[in-house]
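In my numbering, the protein residues as written are 1 to 292.
1. Would you report the Cα separation of residue 63 and residue 255, rounded to the nearest angstrom?
2. Closest to residue 93 by C-alpha separation, out of 259, 74, 165, 108, would be which residue?
3. Ignoring anything shorter than 3 residues, give me the beta strand (DSSP E) runs that lie fully in the stretch 86-138, in order along the chain.
4. Output needed for residue 348: all residues of its chain with C-beta closer than 6 Å, excluding positions within five of it in sequence on either side, in chain order.
5. How big is the Cα-Cα spacing for residue 98 and residue 146?
6. How would you call residue 109, buried or exposed, if buried means at least 16 neighbouring beta carbons within 10 angstroms?
7. Note down the Cα distance separating residue 199 from residue 106, rounded to an integer number of angstroms.
8. Quick check: what's the CA-CA separation for residue 118 versus residue 267?
9. Return helix, strand or coil for residue 71, following the three-state DSSP convention.
10. How far does the beta strand (DSSP E) with residue 150 in it extend, from its first residue to its last?
11. If we count the other Cβ atoms within 10 Å of its Cβ and call it buried at 16 or more, is residue 251 buried or exposed?
12. So, helix, strand or coil for residue 275, using DSSP?
13. Helix or strand or just coil, what does DSSP make of residue 155?
14. Assuming residue 125 contacts residue 101 (C-beta within less than 8 Å), just tell me the rounded distance between them.
15. Considering Cα atoms alone, identify which of 197, 208, 237 is closest to residue 173.
16. Between the beta-carbon of residue 244 and the beta-carbon of residue 58, is there less than 7 Å?
17. So what's residue 222 in DSSP terms, helix, strand or just coil?
18. The alpha helix (DSSP H) spanning residue 261 covers which residue range?
19. When the distance is taken between beta carbons, is residue 143 closer than 7 Å to residue 249?
20. If you follow the beta strand (DSSP E) that residue 200 is part of, which residue opens it and which one closes it?
21. Given a threshold of 16 other Cβ atoms within 10 Å of its Cβ, counted over all protein chains shown, does residue 189 qualify as buried or as exposed?
22. Would you check if the distance between the CB atom of residue 241 and the CB atom of residue 150 is smaller than 7 Å?
23. Please state the DSSP three-state secondary structure of residue 82.
24. Nearest-angstrom Cα distance between residue 288 and residue 223?
25. Taking the C-alpha atoms as reference points, what is the distance between residue 204 and residue 214?
26. By the DSSP assignment, the alpha helix (DSSP H) with residue 250 in it spans what residues?
27. Identify the residues that DSSP records as bridge partners of residue 266: which are they?
28. Terminal residues of the continuous beta strand (DSSP E) containing residue 241?
29. Since I believe residue 136 is in contact with residue 113 (beta carbons under 8 Å), could you give me their beta-carbon distance rounded to a whole number of angstroms?
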């Protein structure tokens, strides 16, 4: 069963649409092409490259892409939902220590994310977030990493965890019943009751798996209950996500080494991130909202 997903508009992206003209002027491009290395132009060029890279990663997710590749001897690149493909990708190098996992994931199946996390546990892996690491990706893969980096215009996003059996049951039941009716419009009451019992049992198992995972690791409860964040109307989930700032990460996962960690601090950076992760309501902790 899914531990919550990430809503992204599934549409085709063209390279031209990914380029924000406000980031890099034609003059800067011309100067760089001519070999000029003015620091301001170089910084603009880097920002443009970072933005396009993050946007491209999210666009790949939106297109349903699932990719596991090995761009270097100790580097694994994964794009896609947390599911069997993620587990298989991690499993190939599960016996090796010191690997780097470059990750772009909206989350997905919590049980699969936990399985992948268990394979990484104790191996000293570095996780680099490109574009996003959301939902079950953040809930389970980051707590077992030795080090984390968040690339520019990328974010770690949370919407809570399956620690309440009744809440998980109520969250999943409508989708289960909808799929059941779509498959069989004349579904009987007995079949509906069976689907309810199945969903409740799956909710119970998922909550048990989550509690076992969290209980074996040094993870502050706030990482999962999001009590440090303003509560959005309707709660977290759906399109509302809490964005992780470096201080919150440090207090929630004290054993995790934090490397380069991009976090929006200005209105321009906030707006750029909103372009990368479209259709999402991002909730900041009080005092950590971007200026402006």
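Backbone N, C-alpha and C define an ideal beta-carbon position, used for all residues, glycine too.
The structure says:
1. 35 Å
2. 74
3. 100-105, 126-134
4. Nothing can be reported for residue 348: it is not among the residues displayed for the chain, which extend from 1 to 292.
5. 9 Å
6. buried
7. 23 Å
8. 38 Å
9. strand
10. 147-150
11. exposed
12. helix
13. strand
14. 6 Å
15. 197
16. no
17. helix
18. Per DSSP, residue 261 belongs to no alpha helix (DSSP H); it is in the beta strand (DSSP E), 257-261.
19. no
20. Run containing residue 200: none in the beta strand (DSSP E); it sits in the alpha helix (DSSP H), 189-215.
21. exposed
22. no
23. strand
24. 16 Å
25. 16 Å
26. 246-252
27. 291
28. 240-243
29. 4 Å
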